[in-house]
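Undergrad:
Protein chains in written order, with the UniProt record's numbering: chain A, 1 to 198; chain B, 1 to 198.
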């Protein structure tokens, strides 16, 4: 509108998730009128991140080094491996503070219709880790979606011959969930997987 | 979390309006996992915009040149000047397609408590334009807020000695507005400013 470069900035901002034309325009105006230093800093941060952040060679999470901090850490329990679909899931579990083992990021889930089979999500590499590392338990923390469940089941079968305990994160009623509003499939899972009161 | 550069990117994204820590994290993950090219393009667009976009010498709107496209255009009515608070208002009026004159961007409104007087929003420069250019009508399109109203009234007084017609954008019930839900001050304005049916 004001100039080609302004329009290009609005267009470029639209690649951000859930940013539509109106928000992108508001963001561009905000940056140009109120925070040019911020715009330059953001440009620098984007550039640095795009150049230096890549997948960890061991777990496929994000890192600036060959091997990520979690894989390198001596503090983490090397016997415990948590398999997730994406680095976002690593963040979510880390922020829950409930896990002290290491991770393996598949980078997706099995989806035969989209041509995504075991090789595409690096299952051979995961099985190799299970064979070579002193892993005793694998927590399958793929999403509780149809594809995530299928991926967990596939992994369980694929690792059957290894002396590794396979577990799946619990499914049930979420914290603070009122039964009235919980979907019936979740509720039926929660009844089926009921636990002894301690 | 994953690395310093990732954290810096999340931090830098938070300068965008209405982007909190969770959204910034989601944006950073999206860029790193799904759209690195987009991240590089965005960095480039930000850099270009911050370096080349500045205020028009005539109207103070945004441009890449000395004088913006609207001020330069021979198609626009040079007798009509619309005074607004910010370049965002120029965009809004342009997108409404209701105006074919030129603009003058104040860059704010009078706010004596914050130390913003006539000089800070360039009113002397506006009066100089009114004296030098062949302007016949000034449409005061500052916001319909207390400060916007005060600024419009100040401008009306300040330009009284010039042979220029001063008008104010209409205030009333917005299109599609149901009277039941319109605030009483707007409604009282709408009744007071009622117009002859044609």
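Ideal Cβ positions, reconstructed from N, Cα and C, are used throughout, including at glycine.
1) Residues in the same chain with beta-carbon distance under 7 Å from residue 73(A), minus the five sequence neighbours each way, listed in chain order, please.
2) Among the residues of its own chain, which have a CB less than 8 Å from the CB of residue 133(B), if the five just before and after it don't count?
3) Just verifying my parser: in three-state terms, what is the DSSP assignment at residue 47(A)?
4) Given 8 Å as the limit, is there contact between the stretch 42–50 of chain A and the stretch 7–16 of chain B, that is, 3 or more CB pairs closer than that?
5) Is DSSP giving residue 5(A) helix, strand or coil here?
6) Suppose you measure from the CA of residue 155(B) to the CA of residue 17(A); what does that come to, to the nearest Å?
7) Less than 8 Å separating the beta-carbons of residue 33(A) and residue 86(B)?
8) Can you tell me whether residue 66(A) is buried or exposed? The criterion is at least 16 other CB atoms within 10 Å of its CB, across all chains shown.
9) Can you confirm whether residue 81(B), when its beta carbon is compared against all beta carbons of chain A, has any partner nearer than 8 Å?
10) Which residues share a DSSP beta bridge with residue 165(A)?
11) By the three-class DSSP mapping on this structure, what secondary structure does residue 126(B) have?
12) Quick one: which residues of the stretch 28–51 of chain B get their C-beta closer than 8 Å to a C-beta of chain A? List them in chain order.
13) Using beta carbons (cut-off 8 Å, strictly below), is residue 17(B) in contact with chain A?
14) Taking three-plus beta-carbon pairs below 8 Å as touching, is the stretch 172–180 of chain A in contact with the stretch 138–158 of chain A?
15) For the alpha helix (DSSP H) holding residue 25(A), just list the boundary residues, first then last.
16) What are the start and end residues of the alpha helix (DSSP H) that includes residue 95(A)?
17) For residue 67(A) and chain B, any beta-carbon pair shorter than 8 Å?
18) Are residue 104(A) and residue 127(A) closer than 8 Å when you measure CB to CB?
19) Once DSSP output is grouped into helix, strand and coil, what is the label at residue 81(A)?
20) If the cut is a Cβ gap below 8 Å, which residues of chain A does residue 63(B) touch?
21) Could you tell me which chain B residues have their CB closer than 7 Å to the CB of residue 6(A), listed as they occur along the chain?
22) What are the residues in the UniProt domain "Toprim" (79–174) of chain B lying within 9 Å of chain A by C-beta distance?
23) Thinking C-alpha only, which one of 198(A), 131(A), 88(A), 157(A) is nearest residue 61(A)?
24) What is the DSSP secondary structure of residue 65(A), reduced to helix, strand or coil?
25) With a cut-off of 8 Å, does the C-beta of residue 179(B) fall near any C-beta of chain A?
26) Excluding the 5 residues preceding and the 5 following residue 121(B) in the sequence, name in chain order all residues of the same chain whose CB lies nearer than 8 Å to its CB.
27) Judging by CA-CA distance, which residue of 168(B), 171(B), 136(B) is the nearest neighbour of residue 162(B)?
28) If the cut is a Cβ gap below 7 Å, which residues of chain A does residue 26(B) touch?
29) Taking only the alpha-carbon atoms, compute the straight-line gap between residue 96(A) and residue 90(A) and give it to the nearest angstrom.
30) Give the range of the alpha helix (DSSP H) segment to which residue 181(A) is assigned.
31) What does DSSP give as the partner residues of residue 101(A) in its beta bridges?
TA: Let me spell this out:
1) none
2) 78, 81
3) helix
4) yes
5) helix
6) 43 Å
7) yes
8) exposed
9) no
10) 137(A)
11) helix
12) 28, 29, 30, 31, 32, 33, 35, 36, 38, 39, 40, 41, 42, 43, 44, 45, 46, 47, 48, 49, 50
13) yes
14) no
15) 21–34
16) 87–96
17) no
18) no
19) strand
20) 2, 3
21) 49, 53, 62
22) 86, 87, 88, 90, 91, 94, 95, 107
23) 88(A)
24) coil
25) no
26) 106, 107, 108, 109, 110, 151
27) 136(B)
28) 17
29) 10 Å
30) Unbroken run through residue 181(A): none, as it is neither H nor E.
31) 77(A)
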